[in-house]
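Notes follow the structure.
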Amino acid sequence: MTRQMILASTLDELRSARLLLDGKLGFVPTMGYLHEGHLSLARRARTECDSVAASIFVNPTQFGPNEDLSKYPRDLDRDLHLLEEVGVDLVWTPTPEIMYPPGFQTWVEVQEMTRSLEGAMRPGHFRGVTTVVAKLFNAVQPQKAYFGQKDAQQAAVIRQMVRDLNFPIEIIVCPTVREPDGLAMSSRNVYLDPDQRKAATVLFRALSAAKAEYEKGERDAEKLRGKMKEVIAREPLAQMQYVSCADYDTLQELDKVTGKTLLSMAVFIGKTRLIDNFVLEAPPVTS
Ligand code: AMP
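According to our numbering, the sequence shown holds residues 5 to 291 in order.
This is the structure:
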């Protein structure tokens, strides 16, 4: 028998609904405008947990002053329909006033790991992310929470926060879901016009080229960064913001690739800022 999906908006509604959910609860936080990437997290939660909750909240505190908060795409009816199809039990759609009432003044900040990559380009972004995720975790009280590898630094930062603040929650990081031509699915892809959409495959192409070099034996991190830059430079509609070849756990830039490694980048296609990454697994130890 399928249960009716419960919708909650206020904190009281969420808490009452939470009491109705039995067993192990899996939680999928999102900003809505859902695509297969989000739904893959919900499906995974469905297979691993007794109950599944999702949130839809475009979190204002993780957007910079010149970012796309006001035009961030939204379609709540469609999102709810998709979550219902996956078998989600509870969807929480708080308002900014519920999450940040007047007088709000408590922030959660992960320090070291947020200084590089996205954190360097988007000051304050991760403070907004960790604060809202901590609030969502406290309200929803899941046993497991699902995040996408697409936002690799975000997943690493959340894992760190959960360790540091003793949240009794297991963080599950799920693979990046891609379009057939390799473009990582993102709510922001809707901003791309047809030419830009073609050009946007440059992130996947650049990551693939660097990975191919790695697989041929290249271990010089600067050469791998150089390969990614070279591919991006050949795409006229693309403007690179950064490329990185960093240690997977610490996110520190590498000189030599020796262990598990994150290749990542941010690229502007017109005004749309896209990110993507590949993980290079640690090479086998040879004796
Ligand atoms: P967002 O709505 O962009 O905040 O994303 C909500 C969650 O979905 C985050 O954990 C993202 O990492 C994850 N996500 C977004 N895009 C993808 C994708 N293409 N594949 C897998 N997970 C994704």
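Even for Gly, the Cβ is constructed at its ideal location relative to N, Cα and C.
Less than 8 Å between the CB of His-42 and some heavy atom of the ligand AMP, yes or no? yes
Does DSSP classify Tyr-104 as helix, strand or coil? coil
Local Cβ density within 10 Å of Ala-143, reported as buried at 16 or more and exposed below that: buried
Proximity of Asp-93 and Leu-207 at Cβ, strictly below 9 Å: no
By how many angstroms is the C-alpha of Met-189 removed from the C-alpha of Glu-183? 6 Å
Less than 8 Å between the CB of Tyr-150 and some heavy atom of the ligand AMP, yes or no? yes
Tell me the rounded alpha-carbon separation between Ala-203 and Ala-213. 16 Å
Classify Gly-293: buried if its beta carbon has 16 or more other beta carbons within 10 angstroms, exposed otherwise. The displayed coordinates of the chain run from 5 to 291. Any statement about residue 293 would go beyond what the structure contains.
Between the CA atoms of Asp-26 and Met-125 - distance to the nearest angstrom: 41 Å
With a Cβ-Cβ cutoff of 9 Å, do Cys-178 and Arg-48 count as a contact? yes
Residue from Met-244, Tyr-195 and Ser-268 with nearest C-alpha to Leu-255: Ser-268
Along the chain, which unbroken stretches of the alpha helix (DSSP H) at least 4 residues long are found entirely within the segment 70-116? 80-90 and 100-103
Bridge partners for Asp-280 per DSSP, in chain order? Met-269
Need the endpoints of the beta strand (DSSP E) that Met-244 sits in, please. 242-251
Classify Glu-96 as buried or exposed, calling it buried when 16 or more other Cβ atoms lie within 10 Å of its own Cβ. The residue asked about is misnamed: residue 96 is Trp in this sequence, not Glu. Burial call: buried.
Looking only at C-alpha atoms, which of Gln-157, Gly-107 and Leu-87 sits nearest to Arg-119? Gln-157
Cα-Cα separation, Gly-30 to Ser-55: 6 Å
Between the CA atoms of Phe-61 and Gln-145 - distance to the nearest angstrom: 17 Å
Near Trp-357, what residues of its chain come up, given a Cβ to Cβ distance below 7 Å and the 5 sequence neighbours on each side ignored? A query on residue 357 cannot be resolved here, the shown segment of the chain reaching from 5 to 291 and no further.
Burial state of Asn-63 (16 or more Cβ within 10 Å): buried
Got a sec: does the ligand AMP put a non-hydrogen atom nearer than 8 Å to the Cβ of Leu-80? no
Whole angstroms is fine: what's the gap from Thr-14's alpha carbon to Phe-108's? 17 Å
Who are the Cβ neighbours of Met-35 in its own chain at under 8 Å, not counting the five residues just before and after it? Ile-60, Phe-61, Val-62, Asn-63, Tyr-76 and Ser-191
Nearest residue (CA-CA) to Lys-28, options Pro-105, Asp-16 and Glu-52: Glu-52
CA-CA distance, Asp-79 and Ala-216? 39 Å
If we call anything under 9 Å between Cβ atoms a contact, is Ala-160 one with Asp-83? no
Taking 8 Å as the line, does the beta carbon of Asp-155 fall inside it for any heavy atom of the ligand AMP? yes
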